[in-house]
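Worksheet for the structure shown next.
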Amino acid sequence: FINMARFELKLPKMGESVAEATITSWLKAVGDTIEQDEAVLEIATDKVDSEVPSEVDGILVEVLFNVDDVVQVGQTIAVIETEGESNASAEAPKAEAIVAEKAPEA
Numbered sequence: 319f320i321n322m323a324r325f326e327l328k329l330p331k332m333g334e335s336v337a338e339a340t341i342t343s344w345l346k347a348v349g350d351t352i353e354q355d356e357a358v359l360e361i362a363t364d365k366v367d368s369e370v371p372s373e374v375d376g377i378l379v380e381v382l383f384n385v386d387d388v389v390q391v392g393q394t395i396a397v398i399e400t401e402g403e404s405n406a407s408a409e410a411p412k413a414e415a416i417v418a419e420k421a422p423e424a
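Here this note's numbering is used: the first residue of the sequence shown is 319, the next is one more, and so on.
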């Protein structure tokens, strides 16, 4: 069993007066690989529209709200599964091989 950690992506605080946001679109679907700082979804508030980035590298395994749902600041909106530190998944060697091919020859 590969050790996976589950990271809960929460609606970030966007300002003192903003308590909730409406999800306007999901940029990622369940099963998608997400990189740290990559936008996962778009949200709209009274004041501003923005994207919610992921704080971790991982795979989107659960989406807890739909488009047009109103979410409170601090609520978990999605679950991202991250790789455990000690175990590499089957994906890791493939990714490394690609990187190695792209590297200029010494």
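Ideal placement from N, C-alpha and C gives every residue a C-beta, glycine not left out.
Asked	Found
K331 to I377 span [Cα, whole Å]	23 Å
Contacting residues, own chain, Cβ-Cβ under 7 Å from K365 (five flanking each side not counted)	G333, V336
The beta strand (DSSP E) enclosing P330, as first and last residue numbers	Per DSSP, P330 belongs to no beta strand (DSSP E) and is neither H nor E.
DSSP state of A357 mapped onto helix, strand, coil	strand
Rounded distance between the beta-carbons of K328 and T394, thought under 8 Å	5 Å
Contact check, I361 vs A396, beta carbons under 9 Å	no
Distance between E401 and F383 (C-alpha atoms, nearest Å)	24 Å
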